[in-house]
Structure formats: structure tokens, C-alpha cells
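The sequence shown begins at -18 in this note's numbering and counts up by one.
Beta carbons are placed, not taken as given, at the ideal position from N, Cα and C, and that holds for glycine.
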Amino acid sequence: MWFKNLRLYRLLKPFNLAEVELNELLQTAAFRHCGSHEPTTLGWSSPLGRGSEQLSHESGGCMMICARQEDKLLPAAVVNETLDEKVEVIETEEARKLSRRERSDLRDEIIFQLLPKAFARSSRTFAMIDRQNGWILVDASSATRAEALIELLRETLGSLPVRPFEVNLAPASVLTEWLAQADKYNDFVLMDSCELRDTEEEGGVVRCRGQDLESDEIQVHLTAGKQVVKLAVEWDERLSFSMESDFSLKRIKFLDMLQEEAADAQTEDEIAQFAVVFSLMSLEFRRLIPRLLELFGGLPSSADEGK
-18 MWFKNLRLYR LLKPFNLAEV ELNELLQTAA FRHCGSHEPT TLGWSSPLGR GSEQLSHESG
42 GCMMICARQE DKLLPAAVVN ETLDEKVEVI ETEEARKLSR RERSDLRDEI IFQLLPKAFA
102 RSSRTFAMID RQNGWILVDA SSATRAEALI ELLRETLGSL PVRPFEVNLA PASVLTEWLA
162 QADKYNDFVL MDSCELRDTE EEGGVVRCRG QDLESDEIQV HLTAGKQVVK LAVEWDERLS
222 FSMESDFSLK RIKFLDMLQE EAADAQTEDE IAQFAVVFSL MSLEFRRLIP RLLELFGGLP
282 SSADEGK
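Listed below in C-alpha cells is the structure:
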């Protein structure tokens, strides 16, 4: 259950629910499978896996929750092929062309007929509520998936004053300086991938992978005015990740040092092992995020956010 991505949200009010209270509220929106004609469902599932009915897990002031989404798989090609066949039959029998509205209604009818036969696929999105620091950390590569979890949590709780992290320094500017002057950041090591973009709206993009980021070739792009929008780094020999210009983290890997700590605490009890990994991960994020905020100028003050 190590997070692979990180999208960060800031709680604007203290999160005071106890684990028991949170669990009871999550039960009101527990996951259920799609009905025969439902294309998708979203609800809360146990972060501890299928063997548990507990919908939240707390350790050290951090709570883990999990949203599960189920989607019916109905390929557009199947719908379009069925639609074309039916349109051809109707137009031949009635000797006329169907209107756009009629085609749209017929498409909806086909989807309604095919949905009960469609396969279903489910996916899970995990999130960590850090009450101590006032953060919600979502393991999602896309903002859309993260926002879906946040919106579900807001509906479940009735209210959730929260917003994505905003930092005082433009992330692309910080990433660009980071790449240009890597020796200033002693606890970070540049890895071998980055993405650079021209500042103009339709400017060029340079994607580097397996590249020495301190080479003259990269520095030429920086001198030409390109800005860094993605930068792969390793931190403190414990984590590696790609820092993005929207202040999200992707391709997170927990390195050998952390993996060994988890292995040293190995237990046959799955819940106990989950608790160990969760504790290690939350402690690392509590160390990493303040360091990143330091580099990116910190969060705006409450007064600034209200403007």
C-alpha cells in the first residue's frame, strides 16, 4: 500500500472526527457494485483489504481511507457498430435519413440495452488524512481522480473545507533553479529524467529520460529560456519521485532503507503489517512535505488565501 503518487490538499479547519466517528460516517456511503444499468459507482472500501470491514485506519494522528470505483466497460467501438447497424436498418425501411437527435436517442437506447451485459472493472484510490498537520494526501496520478475522492468525502461528511496546496513560489521557477543549481540542495540528488517547456504558450517541449541532468546539453536548454515542469529526484536516500509543476509528486518509490525497515517488522498478521507500512510512510511524508514547502516558499497565510 505504499503510495505511488501524491496530490496534496490543505484542510482549512481542524479535522476533529475520531476514527470511530469517521468510520460510522463512511459506512453511510460504503461501496456497492454497479446496478444492471449503472455505468459507474463510487463508495468507501476498507483500506485494509477485502478481509476487513473497517473503512478507516488510524495511526499516529493519521487516518487512511480508500475510495473504490467500479466502471462498466462498454467499448465505444461496440456501441458505434451496433448503432450503425440499427441506423442502416431504420433508414432503409423508412427511406429517410435519421436526424442527429434520433441517432443520439438511439445511441442512449443501445447503451441502456448493453450495460447489463458489460464487464465491470474496479479501482481504488487511497488517501491519508493528517490531522496533526491539516493535510489530506491522495494517492492519485490525476487531479480528476483525486478530486473525485475529495468530493465523495465532502458529501459523506456534509462539509469539508479543503483546497489543493498552493505555494508562494512558482513551482516551475523553483524546479528550473533546482536543475540549474543542483548543488544548493544537499539532501536531494538529481536522477535521470525531466521535462522542459518553452514559456510561450505553443512553445517546444523537451523530455529527457536516461539523461545526465547536469550535462551541458541540458544547461543549453535552460540558457535558452526553457522552464522545468517535471524533475526526477532522490531524497535523503529514502524516497525518489518526480516533482511536477502543479506541486504533485509522481512515480514515488520507497527506497531500500525504508523497505528494509518494513521487512524488519514483518509479521504474518496483515493488519499489523499494514499498520507498520502506514506508520513508516506517514512519518516520511511528515518529513518530506515540510522540506518541500521550505523550498517552494511555504503556503500562503490564511489572510492571503481569503483575498
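- Here residue 257 is buried, its C-beta having at least 16 other C-beta atoms within 10 Å.
- The beta carbon of residue 39 sits closer than 6 Å to the beta carbons of 0 from its chain, once the five residues preceding and following it are set aside; these are given in chain order.
- Within the region 13 to 94, complete alpha helix (DSSP H) segments of at least 4 residues are found at 57 to 75, given in chain order.
- Linking residue 237 to residue 219 through their CA atoms gives a straight-line distance of about 7 Å.
- The beta carbons of residue 263 and residue 41 sit about 6 Å from each other, so the pair counts as a contact at 8 Å.
- Here the region 157 to 166 makes no contact with the region 129 to 139; the two share fewer than three CB pairs at distances below 8 Å.
- Scanning the region 207 to 270 from its first residue to its last, the whole alpha helix (DSSP H) runs of 4-plus residues come out as 237 to 245.
- Classified as exposed, residue 201 has fewer than 16 neighbouring CB atoms from the shown chains inside 10 Å of its CB.
- According to the DSSP assignment, residue 116 belongs to the beta strand (DSSP E) that extends over 116 to 119.
- Rounded to whole angstroms, the gap between the alpha carbons of residue 81 and residue 32 is 49 Å.
- Put simply, of 74, 54, 273 and 62 the residue whose alpha carbon is nearest the alpha carbon of residue 100 is 54.
- Secondary structure of residue 205 (DSSP, three-state): coil.
- Counting only runs that start and end inside the region 100 to 178, the alpha helix (DSSP H) elements of at least 4 residues fall at 124 to 138 and 152 to 161.
- In this structure, residue 36 places its C-beta atom within 9 Å of the C-beta atom of residue 7.
- Under the three-state reduction of DSSP, residue -7 is assigned to coil, being neither helix nor strand.
- Per the coordinates, the alpha-carbon of residue 24 lies some 13 Å from the alpha-carbon of residue 108.
- In this structure, residue 242 sits near residue 261, with a CB-CB distance shorter than 9 Å.
- A direct Cα-Cα distance of roughly 8 Å separates residue 163 from residue 170.
- Residue 187 is bridged by DSSP to 177.
- Excluding five sequence positions before and after residue -17, the CB atoms of its chain that fall closer than 7 Å to its own CB belong to 235, 258 and 262, given in chain order.
- Rounded to whole angstroms, residue 97 and residue 271 show a C-alpha spacing of 49 Å.
- At a Cβ-Cβ threshold of 9 Å, residue 47 and residue 9 do not count as neighbours.
- For residue -4, same chain residues with a beta-carbon under 7 Å away, outside a window of 5 residues either side, are 110 and 112 in chain order.
- Counting only residues of its own chain and dropping the five nearest sequence neighbours on each side, residue 206 has a CB closer than 8 Å to the CB of 179 and 180.
- The DSSP-derived three-state label of residue 280 is coil.
- Rounded to the nearest whole angstrom, the C-alpha separation of residue 45 and residue 28 is 7 Å.
- Ranking 148, 269, -13 and 276 by CA distance to the CA of residue 119 puts -13 first.
- Here residue 194 carries a coil assignment [DSSP, helix/strand/coil].
- Just so you know, the alpha carbons of residue 194 and residue 222 end up roughly 15 Å apart.
- Spatial neighbours of residue 11 in its own chain (CB-CB distance under 8 Å, excluding positions within 5 residues in sequence) are listed in chain order as 24, 25, 26 and 36.
- By the CB criterion at 9 Å, residue 155 and residue 279 fall outside the cutoff.
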